[in-house]
Amino acid sequence: MSSNTLSILKLIGRKLAQLVVVLFVVTLFTFLLVRLLPGDPVDLLVPVSTDTTDESDRAIIEARRQQITDDLDLNDPLPKQYITWIGGFVTGDLGNEYTVSSTIPVSDAVTSALPPTTQLILYSQILAVLLALPVGVISAYRQGGIFDRIANVSAFGSLSLPGFAIGLLLAYWVGVRLNPSLPTWINIPPQGYTPFPGLNPANWSFEPRTPDSVPDHFFGMLLPALSLALGQFAVYMRLLRSDMIQTLQEDFILMAKSKGISNGRVLWRHALRPSSLTLLTVAGLSVGTLIGNAVVIEVVFGIPGMGTLIASSIIGREFITLQSSVAIVAIAFVVINALLDILYSVLDPRIRNVRAA
Amino acid sequence: MSALPEAPTAPRSEGDATEAAVDADGPPPANAEASRPGIGVGGWIAASWLIFVVAVAFLAPLLPFDSPTARGSGPRLPLFTDGHILGTDSSQRDVLARLVFGARASLIVGFGAVAIGMVVGGSLGLIAGFRRGKVDTALSSLFDILLAFPQLVLALSLVTFLRPPASSDASAPDTGASLTSIQILVIAIGIVAIPLLARITRATTLSWSQREFVLAARAQGAKGGRIMIREVLPNVLPAMFSIALLSVGIAIIAEGGLSLLGVGVEPPDPSWGNMITENRNVRSAPLNALFTPIIALFLTVMALNYLGDAIRRKFDVRESAL
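Top to bottom, those sequences are chains A and B.
Each residue of the first sequence is one higher than the one before, starting from 11 at the first, in the working numbering.
Each residue of the second sequence is one higher than the one before, starting from 346 at the first, in the working numbering.
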């Protein structure tokens with residue numbers, strides 16, 4: 011017993027050490043992204059053209075250059091720069107984006123971009139699991155039947171159609187074509203985002219097309235979440251189906267059936283729970299995948315999240331914003347994956363033993 | 346990439362306990378029996394489509410297509426008008442020509458990136474799986490670290506990094522030897538593919554190098570390198586071929602995702618990804634120019650997936666080991 015606990019602790023220790031190494035590499039990589047770009051970082055970050063003859067312009071440019079050099083500690087050796095940068099990063103100082111007249115902290119942009127991305131990932135995960143449960147159970151129950159075949163073919167198809175393509179098709183067919191003929195309380199726009207009006211129900215409005223509208227928020231997120239969810243749905247559904255098929259051959263299912271329990275009850279009460287473990291594990295481990303895909307889906311639907319921030323900073327050549335957003339997405343991905351991995355290894359002895367071997 | 350488009354990567358890491366279930370799911374047994382000798386009718390349809398797309402894309406400059414970048418004048422043309430079979434887009438460019446030349450760019454990115462991933466990742470995986478011991482531990486932790494990045498974000502960072510400084514014309518006289526956007530995409534997506542392909546090659550190599558014929562070769566006094574190349578590699582290759590096909594599809598999708606983020610193939614040259622990106626405003630975009638690249642992408646990726654699956658079934662290590 012105690013050796014078992016010890017092996018779990020050892021496992022957690024090893025995973026945490028691995029996490030620290032990966033975090034170091036990830037942050038070092040994003041740090042070097044700006045420092046090692048071809049050319050002087052200062053030239054990249056100064057937002058105005060440098061070949062001007064106007065005296066006052068020159069003064070402004072010179073002041074800006076000096077400020078950027080100081081802010082980024084560009085005169086320090088690289089390792090020291092990295093430590094300063096990561097120190098600021100941990101304490102919430104994500105650097106600044108420089109315009110001609112102002113210095114805008116990147117953390118402002120990031121703070122406002124995080125909620126939409128989190129919501130998108132959460133909703134699509136819920137949708138994917140909710141869709142996969144009935145479809146997986148029914149196709150396992152009627153294995154080889156018409157429903158099973160249709161489900162299999164559509165799962166295969168949705169794995170071949172990337173989320174952004176599904177998103178554009180949905181945006182057109184539902185958002186542009188179907189939406190005008192829906193009842194007015196359902197407003198599914200092809201693009202755009204209505205923020206969730208906070209946790210205080212007093213601020214909630216249930217009128218469509220008003221700023222704090224709760225239904226607008228959910229209907230607006232429906233298409234992006236769905237296009238993100240369909241690819242996951244296919245993976246989850248196939249997993250659940252194959253697990254269900256195995257479970258349905260177990261003796262306790264035969265026992266339950268012979269006691270005269272209805273098929274529906276056997277399926278949903280007796281067979282689903284032991285079959286859903288792999289599904290839930292994979293659903294957890296897919297959060298990282300979803301983060302990556304959400305970045306693209308946001309651009310398609312014009313949701314002002316991390317993906318849109320990254321895309322706009324690439325187009326606007328705002329390298330500090332790009333660096334910080336990439337670092338945040340990568341860190342979130344790494345940390346979530348590592349924590350879930352540890353959690354599942356501890357919870358499920360089968361995984362623990364496979365990994366330990 | 347990622348992510349991207351990362352759901353399709355799920356069936357690819359075979360070392361994973363949870364994912365063995367995906368593979369076990371596979372085809373219904375009767376079907377597998379029937380298709381055992383070949384790749385089935387569907388496989389041939391998929392292969393024909395791929396050959397057709399590759400041939401048209403490869404021969405595009407020799408075929409009588411309009412220029413994919415020449416802007417016309419007058420109103421936008423719908424389908425089947427004035428010799429423009431797929432109509433024109435909002436800049437009056439011929440959609441069919443853009444689709445064909447776009448296929449060229451997308452396929453170069455897809456096959457090129459996977460070629461890099463296969464050569465580098467494949468050799469590393471082969472070495473790790475065959476040598477085992479410390480080499481394996483070192484290489485495997487390297488792959489794990491690289492796989493810890495979100496793939497699309499890694500590709501995105503690499504592209505930003507490789508792109509020539511300031512695409513604005515102001516201060517760039519010294520970038521004569523800079524890479525084209527297609528080359529950059531090939532390198533970036535290729536690098537992202539390396540650890541994925543390496544890990545799969547390693548797993549396949551591990552299972553093959555424990556077989557009796559390897560032991561027999563060793564007993565006859567063959568050196569490690571010779572066994573690796575002459576005995577193990579030929580058996581690993583078929584499995585890798587199917588993984589390569591699946592990866593090409595993922596790389597093509599990744600190009601699309603990167604286009605949407607603003608770092609795809611540089612316009613005005615077309616790729617399927619940047620055609621979709623240019624026309625992504627569904628309220629006003631011409632539908633022929635938006636839907637045709639989506640359909641082409643879908644059919645091509647599906648054909649790659651189907652053919653990859655069919656080949657995997659045909660050469661499945663576990664089944665043939667029985």
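The C-beta atom is built at its ideal place from N, Cα and C for all residues, glycine as well.
{"Item": "Neighbour list for V345/A in chain B, Cβ cutoff strictly below 9 Å", "Value": "Chain B residues near V345/A: none, gap ~10 Å exceeds 9 Å."}
{"Item": "Where S17/A sits in the DSSP three-state scheme", "Value": "helix"}
{"Item": "Nearest neighbour of L452/B, chosen from A391/B, F660/B, R438/B and T645/B [CA to CA]", "Value": "T645/B"}
{"Item": "Per-residue DSSP class, three states only, for D80/A", "Value": "helix"}
{"Item": "Residue environment, V56/A, which counts as buried when at least 16 other CB atoms sit within 10 Å", "Value": "buried"}
{"Item": "V120/A versus M316/A - alpha carbon distance", "Value": "7 Å"}
{"Item": "Under 8 Å from the C-beta of I148/A: neighbouring residues of chain B", "Value": "Correct list: empty, because the minimum Cβ distance to chain B is about 16 Å."}
{"Item": "Euclidean distance between Cα positions of L484/B and V32/A", "Value": "15 Å"}
{"Item": "L551/B and G474/B closer than 7 Å at C-beta", "Value": "yes"}
{"Item": "Same chain only: Cβ atoms within 6 Å of N189/A, ignoring 5 sequence neighbours per side", "Value": "I198"}
{"Item": "DSSP-derived helix/strand/coil call for S296/A", "Value": "coil"}
{"Item": "A391/B versus R75/A - alpha carbon distance", "Value": "57 Å"}
{"Item": "is_contact[P613/B, chain A] using C-beta, thresh 7 Å", "Value": "no"}
{"Item": "Contact list for V35/A against chain B, beta-carbon separation under 7 Å", "Value": "I490"}
{"Item": "Where S323/A falls, given that 16 or more other Cβ within 10 Å makes a residue buried", "Value": "buried"}
{"Item": "Environment of T101/A [buried if 16+ CB atoms lie within 10 Å]", "Value": "exposed"}
{"Item": "The segment 160-193 of chain A: positions lying closer than 8 Å to chain B by Cβ", "Value": "F166, G167, L169, S170, L171, P172, G173, F174, A175, L178, L179, A181, Y182, G185 and V186"}
{"Item": "Residue span of the alpha helix (DSSP H) that contains E623/B, given as start and end", "Value": "W617 to E623"}
{"Item": "Of the listed residues T37/A, A348/A, V245/A and A293/A, nearest to G167/A (C-alpha basis)", "Value": "V245/A"}
{"Item": "DSSP three-state assignment for I433/B, whether helix, strand or coil", "Value": "Correcting the residue type first, residue 433/B is Thr in the shown sequence and not Ile. Note: T433/B maps to strand in three-state DSSP."}
{"Item": "Proximity test, Cβ basis, 7 Å: G607/B and chain A", "Value": "yes"}
{"Item": "Alpha-carbon spacing of G105/A relative to L250/A, whole angstroms", "Value": "45 Å"}
{"Item": "Beta carbon proximity, V336/A to chain B, threshold 7 Å", "Value": "yes"}
{"Item": "Interface partners of I369/A on chain B, CB under 7 Å", "Value": "The structure shown has nothing for residue 369/A, since chain A only spans 11 to 367."}
{"Item": "Secondary structure of E611/B, DSSP reduced to three states", "Value": "coil"}
{"Item": "Neighbourhood of I572/B by C-beta, 7 Å cutoff - its chain only, sequence neighbours within 5 removed", "Value": "V559, A562 and R563"}
{"Item": "C-beta contact flag for P532/B and A599/B at 7 Å", "Value": "Here residue 532/B turns out to be Ile, not Pro, going by the sequence shown. Against a cut-off of 7 Å, the Cβ pair of A599/B and I532/B comes out as no contact."}
{"Item": "Any chain A beta carbon closer than 7 Å to S502/B", "Value": "yes"}
{"Item": "From A165/A, N347/A, E328/A and V186/A, residue whose alpha carbon lies closest to that of T7/A", "Value": "With chain A covering 11 to 367 only, the question about residue 7/A has no answer from this structure."}
{"Item": "DSSP beta-bridge partners of P115/A", "Value": "N106/A"}
{"Item": "Residue-chain proximity (L82/A, chain B), Cβ-Cβ < 7 Å", "Value": "no"}
{"Item": "For T426/B, three-class secondary structure by DSSP", "Value": "strand"}
{"Item": "Given 8 Å, three or more beta-carbon pairs between the segment 280-297 of chain A and the segment 80-97 of chain A", "Value": "no"}
{"Item": "Residue burial classification, D226/A (beta-carbon count within 10 angstroms, cutoff 16)", "Value": "buried"}
{"Item": "Contact belief for G432/B with N650/B at Cβ below 8 Å, rounded distance in angstroms", "Value": "With 8 Å as the limit, G432/B and N650/B do not qualify as a contact, their Cβ atoms being about 29 Å apart."}
{"Item": "Integer Cβ distance of Y203/A from P314/A, believed to fall under 8 Å", "Value": "6 Å"}
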